[in-house]
Each structure stands twice: as structure tokens, then as C-alpha cells.
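Visitor:
2 protein chains.
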Amino acid sequence: MRFLDALAGVLPSDVIVRDADVVAAHARDQAAWAPEGTALALVRARSAEQVRDVVALCAEHGVPVVPRGAGTGLSGGANAVDGCVLLALGGMDRVLEIDAAEQIAVVQPGVVNDRLREAVAEHGLWYPPDPASSPWSTIGGNAATNAGGVCCVKYGVTRDYVLGLQVVTGTGRLVRVGRRTRKGVAGYDLAGLFVGSEGTLGVITEVTVRLLPLPRGTPRTVVGAFGSLVAAGEAVAAVAASGIAPSALELVDRYCLRAVDDWKNMGLADLGDVLLLGRVDSGDEDEAALLQRCFDEAGAGWSTRSTDAEEAEALFAARRLAYPALERLGPVLTEDVCVPRGLVPRMLGRIEEHARIHGVHVANIAHAGDGNLHPLIVVPAGDEAARARAQAAFEAILDDAIALGGTVTGEHGVGLLKRRGMHAEVGEDVLELHRAVKAALDPAGILNPGKVI
Amino acid sequence: MRFLDALAGVLPSDVIVRDADVVAAHARDQAAWAPEGTALALVRARSAEQVRDVVALCAEHGVPVVPRGAGTGLSGGANAVDGCVLLALGGMDRVLEIDAAEQIAVVQPGVVNDRLREAVAEHGLWYPPDPASSPWSTIGGNAATNAGGVCCVKYGVTRDYVLGLQVVTGTGRLVRVGRRTRKGVAGYDLAGLFVGSEGTLGVITEVTVRLLPLPRGTPRTVVGAFGSLVAAGEAVAAVAASGIAPSALELVDRYCLRAVDDWKNMGLADLGDVLLLGRVDSGDEDEAALLQRCFDEAGAGWSTRSTDAEEAEALFAARRLAYPALERLGPVLTEDVCVPRGLVPRMLGRIEEHARIHGVHVANIAHAGDGNLHPLIVVPAGDEAARARAQAAFEAILDDAIALGGTVTGEHGVGLLKRRGMHAEVGEDVLELHRAVKAALDPAGILNPGKVI
Numbered sequence: 001m002r003f004l005d006a007l008a009g010v011l012p013s014d015v016i017v018r019d020a021d022v023v024a025a026h027a028r029d030q031a032a033w034a035p036e037g038t039a040l041a042l043v044r045a046r047s048a049e050q051v052r053d054v055v056a057l058c059a060e061h062g063v064p065v066v067p068r069g070a071g072t073g074l075s076g077g078a079n080a081v082d083g084c085v086l087l088a089l090g091g092m093d094r095v096l097e098i099d100a101a102e103q104i105a106v107v108q109p110g111v112v113n114d115r116l117r118e119a120v121a122e123h124g125l126w127y128p129p130d131p132a133s134s135p136w137s138t139i140g141g142n143a144a145t146n147a148g149g150v151c152c153v154k155y156g157v158t159r160d161y162v163l164g165l166q167v168v169t170g171t172g173r174l175v176r177v178g179r180r181t182r183k184g185v186a187g188y189d190l191a192g193l194f195v196g197s198e199g200t201l202g203v204i205t206e207v208t209v210r211l212l213p214l215p216r217g218t219p220r221t222v223v224g225a226f227g228s229l230v231a232a233g234e235a236v237a238a239v240a241a242s243g244i245a246p247s248a249l250e251l252v253d254r255y256c257l258r259a260v261d262d263w264k265n266m267g268l269a270d271l272g273d274v275l276l277l278g279r280v281d282s283g284d285e286d287e288a289a290l291l292q293r294c295f296d297e298a299g300a301g302w303s304t305r306s307t308d309a310e311e312a313e314a315l316f317a318a319r320r321l322a323y324p325a326l327e328r329l330g331p332v333l334t335e336d337v338c339v340p341r342g343l344v345p346r347m348l349g350r351i352e353e354h355a356r357i358h359g360v361h362v363a364n365i366a367h368a369g370d371g372n373l374h375p376l377i378v379v380p381a382g383d384e385a386a387r388a389r390a391q392a393a394f395e396a397i398l399d400d401a402i403a404l405g406g407t408v409t410g411e412h413g414v415g416l417l418k419r420r421g422m423h424a425e426v427g428e429d430v431l432e433l434h435r436a437v438k439a440a441l442d443p444a445g446i447l448n449p450g451k452v453i
Numbered sequence: 001m002r003f004l005d006a007l008a009g010v011l012p013s014d015v016i017v018r019d020a021d022v023v024a025a026h027a028r029d030q031a032a033w034a035p036e037g038t039a040l041a042l043v044r045a046r047s048a049e050q051v052r053d054v055v056a057l058c059a060e061h062g063v064p065v066v067p068r069g070a071g072t073g074l075s076g077g078a079n080a081v082d083g084c085v086l087l088a089l090g091g092m093d094r095v096l097e098i099d100a101a102e103q104i105a106v107v108q109p110g111v112v113n114d115r116l117r118e119a120v121a122e123h124g125l126w127y128p129p130d131p132a133s134s135p136w137s138t139i140g141g142n143a144a145t146n147a148g149g150v151c152c153v154k155y156g157v158t159r160d161y162v163l164g165l166q167v168v169t170g171t172g173r174l175v176r177v178g179r180r181t182r183k184g185v186a187g188y189d190l191a192g193l194f195v196g197s198e199g200t201l202g203v204i205t206e207v208t209v210r211l212l213p214l215p216r217g218t219p220r221t222v223v224g225a226f227g228s229l230v231a232a233g234e235a236v237a238a239v240a241a242s243g244i245a246p247s248a249l250e251l252v253d254r255y256c257l258r259a260v261d262d263w264k265n266m267g268l269a270d271l272g273d274v275l276l277l278g279r280v281d282s283g284d285e286d287e288a289a290l291l292q293r294c295f296d297e298a299g300a301g302w303s304t305r306s307t308d309a310e311e312a313e314a315l316f317a318a319r320r321l322a323y324p325a326l327e328r329l330g331p332v333l334t335e336d337v338c339v340p341r342g343l344v345p346r347m348l349g350r351i352e353e354h355a356r357i358h359g360v361h362v363a364n365i366a367h368a369g370d371g372n373l374h375p376l377i378v379v380p381a382g383d384e385a386a387r388a389r390a391q392a393a394f395e396a397i398l399d400d401a402i403a404l405g406g407t408v409t410g411e412h413g414v415g416l417l418k419r420r421g422m423h424a425e426v427g428e429d430v431l432e433l434h435r436a437v438k439a440a441l442d443p444a445g446i447l448n449p450g451k452v453i
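Each protein sequence line maps, in turn, to chains X and H.
Per the UniProt record's numbering, the very first residue in the first sequence carries number 1; after that it's consecutive.
Per the UniProt record's numbering, the very first residue in the second sequence carries number 1; after that it's consecutive.
1. For residue 183 of chain X and chain H, any beta-carbon pair shorter than 7 angstroms?
2. In terms of alpha-carbon separation, which member of X/300, X/320 and X/140 lies closest to residue 116 of chain X?
3. Under 7 angstroms, Cβ to Cβ, is there at least one residue of chain H near residue 243 of chain X?
4. Would you check if the distance between the CB atom of residue 195 of chain X and the CB atom of residue 162 of chain X is smaller than 7 angstroms?
5. Does residue 430 of chain X come within less than 7 angstroms of chain H when only Cβ atoms are used?
6. Taking residue 398 of chain H as the reference, give the member of H/54, H/387 and H/414 with the closest Cα.
7. What is the DSSP secondary structure of residue 306 of chain X, counted as helix, strand or coil?
8. Let me confirm a value: residue 347 of chain H is counted as buried when at least 16 other C-beta atoms fall within 10 Å, else exposed. Which label applies?
9. Report the partner residues of residue 8 of chain X according to the DSSP bridge assignment.
10. Considering Cα atoms alone, identify which of X/181, X/63 and X/238 is closest to residue 82 of chain X.
11. Which ranges does the beta strand (DSSP E) cover as unbroken runs of at least 3 residues, wholly within the region 36–60 of chain X, from first to last along the chain?
12. Cβ of residue 425 of chain H less than 7 angstroms from any chain X Cβ?
13. I'd like to check one pair, residue 291 of chain X with residue 225 of chain X: are the Cβ atoms closer than 7 angstroms?
14. In its own chain, which residues sit with a C-beta less than 7 angstroms from the C-beta of residue 3 of chain H, not counting the 5 before and 5 after it?
15. Using a Cβ-Cβ cut-off of 8 angstroms (strictly less than) and excluding sequence neighbours within five positions of residue 409 of chain X, which residues of its own chain qualify?
16. How many angstroms separate the CA atom of residue 364 of chain X from the CA atom of residue 104 of chain H?
17. Based on DSSP bridge pairs, tell me the residues matched to residue 126 of chain X.
18. What did DSSP end up calling residue 152 of chain H once you bin it into helix, strand or coil?
19. Would you call the region 283–300 of chain X and the region 226–235 of chain X in contact, with 3 or more CB pairs under 8 angstroms?
20. Buried or exposed for residue 265 of chain X, please, with buried defined as at least 16 other CB atoms from any protein chain shown within 10 angstroms of its CB.
21. Report the three-state DSSP secondary structure of residue 206 of chain X (helix, strand or coil).
22. Between residue 198 of chain X and residue 452 of chain X, how many whole angstroms is the CB-CB distance? I'm expecting something under 8 angstroms.
23. Please report the distance separating the alpha-carbon of residue 309 of chain X from that of residue 314 of chain H.
24. Please state if the CB of residue 10 of chain X and the CB of residue 40 of chain X are separated by a distance shorter than 7 angstroms.
25. Assuming residue 167 of chain H contacts residue 157 of chain H under a Cβ cut-off of 8 angstroms, what Cβ separation, rounded to an integer in Å, is found between them?
26. Just to confirm my understanding: we take residue 114 of chain H, look at its own chain, exclude 5 residues before and 5 after, and list those with CB closer than 6 angstroms. What are they?
27. Would you decide whether residue 286 of chain X is buried or exposed? Buried here means 16 or more other CB atoms lie within 10 Å of its CB.
28. Please confirm if residue 130 of chain H has its CB atom under 7 angstroms from at least one CB of chain X.
29. Would you mind sorting residue 68 of chain X into buried or exposed? The rule is 16 or more other CB atoms within 10 Å of its CB.
30. So that I know if they touch, is there some Cβ in chain X lying closer than 7 angstroms to that of residue 411 of chain H?
31. Taking the alpha carbon of residue 24 of chain X as the reference point, which residue from X/14, X/30, X/38 and X/231 has its own alpha carbon closest?
32. Quick check on residue 96 of chain X: buried or exposed, where buried means 16 or more other Cβ atoms within 10 Å of its Cβ?
33. Could you list the residues in the region 128–154 of chain H with a C-beta less than 8 angstroms from some C-beta on chain X, going in chain order?
34. I believe residue 268 of chain X touches residue 257 of chain X by the beta-carbon criterion, under 8 angstroms. Please report the beta-carbon distance rounded to the nearest angstrom.
35. Starting from residue 210 of chain H, find everything on chain X with Cβ-Cβ shorter than 8 angstroms and list it in chain order.
36. In three-state terms, what does DSSP make of residue 104 of chain X?
Okay, structure coming up:
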């Protein structure tokens, strides 16, 4: 095949993988329900120049390129499309520079989130964005999807920390966009545009991130147990209205607690039906007390606050384990709606209603403090009728989020699973702007085609 | 003239101004040295629909559109180009919504920055970006230029607070981009792309901003006086390396202090040659003490710290008054370079050298804490030779900022004055990406043509 011969001509032989099993093993992310195509080959890039050469060649031959990091995405954004080259960046995993005085780090895209966090911690610095996938997911993938996480409620998302990028555009040019300085307005915010574009505008080959000093105070954990999702939602709305700024405000429901218990035997489900896990890192005991009061006044069955790090770690581990625990029960269809914080109780009520109407199990975890809810629809493997009902519930929940002034995706991205929802959310005119920007940066239409738009 | 007749056909007569003097009075911003063209007419828009109709008509007729807010820009971005329509948004000045629980405000583009700050303060909320022009400049202009300010060193710039926009694109479509929720990744960050695009991609007709709670603690002011610019710069680098986060770190030199004294008789020049004005709003006395120690160890002639609000206000007023005070002495060519914070002393040294080499007076104010320096080149009105020398110094300073890994514009924008510098900074390939994005969103090339790129 002409293209593959040409590919072998521009790359060292050991970075091209043709073995069908290995290629297939890299053909999807963790979105259980998103379709995948069959790739031509897998390229394990080792340098930005190799990425450039692959993309340039693909542009010339009209061959799709699907970039991937660790494959922990939950929207199908990294799934193969037929006849594509899978471009794996995981091998480009060096921390290139940590500049403690400027509070920046420069890393290759394959650096794992937790590894960056560890590396900068040695300099007393902190990279805040902490997706649940942080032990595995890469900074390149985090940037491509504008990943969120637990502490984003106070500290913002990946885009807030990306200062500059090196990217390969759809025409195979290797360019630097953004900056290293704290401020800068020389031209359009192209770095911000590439962040969250899910590999459809360019392939990220280097990331310059802004860092914060490591938080010094002792964090306080505030836990509340509620009798219903809606009551927990009322507490979230009350926290929003109070003006306090917790550094985490997570929700975990009984389905999730039970799933974690069944797996890890932690006895969590005894704590209550719905837990809110709050964290205050300002060192202000009053703020922690006010958070607890919000829980209590919204009807918490019980609540507690402490500075016990071990206890806090166990509770937040339960939050992190909820998703893999549910995956053990069957394919999980993962929602990621985000609504105004005051409307969290209403949205949670609608989610329960859709579970009932469509006859599906919906478990809930949520970055509740910023209105970002993750209803998880679990279906027994192989039950096609349940799967169809789940898909109907999935779309109905997206439409309700839009109707409440929210978005179909708070942090996971559009990928394949939320294309209809995104179109419904932004409308035809704004979709047209997306297409125009896409055509401007990827005129051959080879970069992750069929994703997002 | 066919176009003007058509314009009269789509707009109420009282929003179209043809009087040459009035039109000319709106034909430029505050960049003394930027060229201006002659506009066809001024339109004082009263609604987004009028903006849409004007832009659509201009696209049809190939007539340039130059949007403007209060005209406080310092790069010529709002200057008329020949044969354009000046589209003034200042009349669209209503605060449409303040949602205290969601911590957002929705405003028309003509709302003055300080007015927004006052309006949200009544709800216990705070809109941080505080350009020196805040008593006059508008949120639409602030968003179009991604304005910075004094507190940005801790709290970030305008883009960090813009959640959503209503804009009219180059094809005359009125669209909403961005969101109202805390998080959201449904599609490309088009709102972030319009922010800072200086009217070249769209005309902003509504802005949704994120707010913070009003700071509650008593701010501490720390002042240090230094014998030279470079010594003050060393203190700035030391503050950066210390990891503390002042909420302001401003530099004012003797030229500026004298100019303010000559105007307001404040006796500032007696304080020292170069002042650093720091502010700590964390309520942490230790942090203020550490800031003072950074000043002292870098060689401050004297330093002081206090919680006296009146004293602090007088010092920061001197900082704000420096620019208008210098303008009284002659046309001011305003630089806006931003360099890595550790390189502030070196950049200040280079600036002094350029003043000497080119035989010009350079006064310095700076948002020193984020490396954003404003060398101000003052020339006697009418002295053409001095003007030529000033322009040579201006460009040389831009090149030095680039050579130090910095940017030619930290917060004022490219406009007309920094086009060469921006091109030198980003390079031809990235400029090509800018042109592609511009062509995608403004295919007729009518939006503020000749600015930025």
C-alpha cells in the first residue's frame, strides 16, 4: 500500500506497529459504548518531528490521524476511525524543564498527570488539575480534552494552567503558540483554542504549564450524609449561595458506595444514602464550619468535620474508586452534564426521573460544587433492550441539562458520544463557526475526523 | 452614496452620525502615535440587532467596521481606517443580570469597568480585572483587548473571567459562545478566542463574567524605595522566587513620581528613585513580612509595611496618575512588554540602555510582579527628530523582550503599534494560523482590518 510504504520511508521501523492485535488494543478509549473503527497502523511517536512527519504525510495522502495519550477518555474521542493512523504520544514522556522562580513546567505530552505533580512537588510547586484518571492519564490528553477534576471547583481546569503549546497543525507544521510569561496578548489565544479541541485541530507535542505554590495549610474535610439526591443537591446550592469556596465538593450516591464496598469492603454504604465530601484548604476553621452548617441546614442526617488526613484520604479514595467499581458491574454509559450550581437539586431530580421513566439504573458521582454531574448508567453486559433504554435516558439527560442553561459536557469532552447533544446545545450557527475554524487549521480534514463536530 | 443610503435604511436615523467633527472625535484611541484614517460615519449602536445589521450591511458592501468602546486603548486598535464605519458600543451600557448564587453577571459591552465593580459589590461580589482605565474603559473593550491591571498578578486577566459572549461575526450573524456554567467543554473555546482579538474576529454585544466574593481581609501595603531600576527589578525577581503571592506588585520610577508631583503636588519624589508598591490580601502578616524582607535584601534604601488604607490609597493613586501625568508633558509612546519575572532586572537594564543609546527619556511604570513593564517614551510635541529616535528605541525594546523569552504586549494589545513586533515574536507560520482563523470568522475581511495581523 502506497501510504504505508511512504510511512515506512519517513519513520524508523520500530515506531510503526502493524500487528493487528496491538493496533486493535490501541483503537479505543474507556467510553464503553462508543463505536470504534479499524486503524491502518499504530505509530508510537518519540519526537515532535516524527509527529510532524506523520501528520504531513497523512495530509498528503488524505489519511485520518487519531492522536491518543493514555486512552482514559470517556467520550470516544481517541477511538479509531476506519483507515486511520493511531498516533500514540505516550512514549514522549519527559519532563523537560521545571522553573521554580517562574512557576512553570515544560513537559512532553506523554507525561502522566501524577508524575508531573510529583516532579513539581519536589520544588514546592503544585499542578492543580486532578482528573480522577490522574494516575494514568497524560498531560497531552488532559490538555486536548481540557480535563477537570476534584479541586477545579476552586482552582479551575486544565486550560487555566496551559500557558503555551507546541503543536502540529493539520498541514503538518510544527509551531509554538502561547507563551512562557504570566501575561501576553500578542495575537489570538491559539493555545486556548487547541486546549479542549480533542485532537481535531492539532496534535500537541509539548505543553508549558503554569504552577502554584504547594498549599501549606492543613485541609479540613467536611462530610454530610443525606437521605436523597435532591437533599444533597439543596446543600450544594446552599454552599454556592453562601459564597464560600471549598477546594472540593463531591457527591457520591448509594449505588456507588455499594459498588465500592462490594469491591473493597470499606463499609461506606453504612454512612448514608448520599454523601457530600467537602474540603476547605484556606486554613479557615470558620469556612469549614459554615460548610458544615450548609449541609446541616439542607437536612443532612449527620455531618462531621475534621483535619484527620487519613480519614479524608479514605473518603476521597471512595470517590475515585466509584467509577472503576461500577465498571465491574457492566458497561457504564458516563454522563458529564454541568448545570448552574443553584440548579443542581433540580437536575438531580430530573436524573432520578429519567432512571424511573426509562427503567435503568443510574448511579451518581458529581463534582457537585461546580454543578458538574456524572450520572452513570449501568447496564448488564449483553442486554440489548436495556442498552437501548440507557441510550434514550442518556440523551434525555443531555436535553434536560441544556434546558436548565447547562452544558452536555463539563469536562469529558464531546468525542463521539455527545455530538448530538453538543449540536443541540450550541445550535447551527455556532456549529458553523466550529466548522470554519476546523477547516482553517485542518484544511485536509484529517485530524480526528468525525469527532466533536 | 449607495452604502450610506443602505445604512440609513437599516438603522434609525438618530444612531447614525455623519457630522465630520463628531466622527473625527471618535476616530482614535489614546495611542498618541498611531495613525488614523477617515471614517465614513459613526454608528452609536443601541442593540445587538443594530450591530448585526450594520456588520451584515458592511460585509455585503465590503465596508470596514471599526468597533470601539471608550477609546482608552493604547495601541491604536480602535483607530479609524479609511472609509470605515466607526461602531460605538458605549451606549449599550446596561447591567442585564447579577446572579449572586452563581457568581456571574451579564452586561452589555458599554458598561464601564468601575460601574460593573460597584454593581456587583452591592451583592458582596467582585470583578477582579482592574486596568488603570477602569473609571472610563468598558467591559466590551476590556474583553476585546483581554485587559489586565494591578491585581492580575494574583487574580488573572480579563479572559480568566469571561465565561460567555454574544458576538456578531464577520458574516453578520449574532451568536452566543461560551457558557454560564462553571465548567464546560462542548466544542472549541470560541469565547476565549474572541477575547483579545481586538475586534478583528467579531463585535462583542454582551459579556457574561464570572465573579469572586469580595475580599474580606484587611490588605497590607508594603513599600520599598530603591536607588535604581535594576535594584527594584532584583527585588521583583526575589519575590517571584520566594513563592509568595502579592495581590499587587507595582513599580513607579522617579520620572513618573516627579510628573505626578508637578501635577498634584504630592511630594512623592522625596520617597526614593524607584518605588515598589506591594499589596498582600491574604490576611497573612507573615506573607507581608516576607515581601518586605525581599525588598530589603535586594537593597531597598527604606521599606515599610502597614494596614493604613488611606496611605495605601494615596500610593496606588500615584501609580494610576503616572500615565496621565506624563501625557501632560508630551505625546507618550507606551510600551507593554512582558518578560519572565526573574528577568525583570535584566529587561529594566536593557530599557535604560536603550534610553541612553537613542537619546530619549524613558519613564517606567510596571505591573512588575508579573513581569509586565510599561516603559513610557516621552517626546516634546513637534520634535520630529526625537520622535524618530523614540520609535527606534520602541522597536529595540520590543526585540529585547522577545530575545528574553517575553512578549511585545502583556495587556495592551497589538493594534497598530505592535504589528511588526508581534510578527517578529510569533513568526511566519503562527501568523499564517492567525490569518487562517481570521479568514474563517471574517471571510470578507471587514472587521477592524489592518489591526493585529
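Backbone N, C-alpha and C define an ideal beta-carbon position, used for all residues, glycine too.
Computed from a predicted structure; not experimentally measured.
Guide: Taking the geometry as given:
1. Yes, residue 183 of chain X lies at the interface with chain H (some Cβ there is under 7 angstroms from its Cβ).
2. Nearest of X/300, X/320 and X/140 to residue 116 of chain X, Cα basis: X/140.
3. Closer than 7 angstroms: yes.
4. Contact: yes.
5. Taking 7 angstroms as the CB threshold, residue 430 of chain X lines the interface with chain H.
6. With distances taken between CA atoms, residue 398 of chain H lies nearest to H/414 out of H/54, H/387 and H/414.
7. Reduced to three states, the DSSP call for residue 306 of chain X is strand.
8. With 16 or more other Cβ atoms inside 10 Å of its own Cβ, residue 347 of chain H counts as buried.
9. Paired residue(s): none; residue 8 of chain X is not in a bridge.
10. In terms of CA proximity to residue 82 of chain X, X/63 leads the group X/181, X/63 and X/238.
11. Counting only runs of 3 or more, we get 41–44.
12. Chain X contact via Cβ: present.
13. Against a cut-off of 7 angstroms, the Cβ pair of residue 291 of chain X and residue 225 of chain X comes out as no contact.
14. Scanning its chain for C-beta atoms nearer than 7 angstroms, with the 5 sequence neighbours on each side dropped, one finds around residue 3 of chain H the residues 61 and 63, in chain order.
15. Here residue 409 of chain X has 75, 336, 337, 338, 418, 421 and 422 as same chain residues with Cβ atoms under 8 angstroms from its own Cβ, once five neighbours each way along the sequence are excluded.
16. Approximately 27 angstroms between the Cα atoms of the pair.
17. Per DSSP, X/212.
18. DSSP, reduced to helix, strand and coil, places residue 152 of chain H within a helical segment of the structure shown.
19. These segments touch.
20. Per the 10 Å Cβ criterion, exposed.
21. Reduced to three states, the DSSP call for residue 206 of chain X is strand.
22. Indeed, because the Cβ distance is near 5 angstroms, the residues count as touching under 8 angstroms.
23. So the alpha carbons of these two residues sit roughly 45 angstroms apart.
24. Cβ atoms of residue 40 of chain X and residue 10 of chain X: not closer than 7 angstroms.
25. Incorrect: roughly 19 angstroms between the Cβ atoms, too far for contact.
26. The beta carbon of residue 114 of chain H sits closer than 6 angstroms to the beta carbons of 134 and 135 from its chain, once the five residues preceding and following it are set aside; these are given in chain order.
27. In summary, residue 286 of chain X is exposed, with fewer than 16 beta-carbon neighbours lying within 10 Å of its beta-carbon over all protein chains present.
28. Residue-level contact by beta carbon fails for residue 130 of chain H and chain X, as no gap is shorter than 7 angstroms.
29. Result: buried.
30. Output row for residue 411 of chain H: interface = yes.
31. Residue nearest to residue 24 of chain X within the set X/14, X/30, X/38 and X/231 is X/38 (criterion: CA-CA distance).
32. So residue 96 of chain X ends up on the exposed side.
33. Against chain X - using a Cβ distance shorter than 8 angstroms - the residues of the region 128–154 of chain H are 145, 146, 148, 152 and 153.
34. Yes, residue 268 of chain X and residue 257 of chain X are in contact; Cβ-Cβ is about 4 angstroms, under 8 angstroms.
35. Chain X residues near residue 210 of chain H: none, gap ~10 angstroms exceeds 8 angstroms.
36. Of the three classes helix, strand and coil, the one that applies to residue 104 of chain X here is strand, per DSSP.
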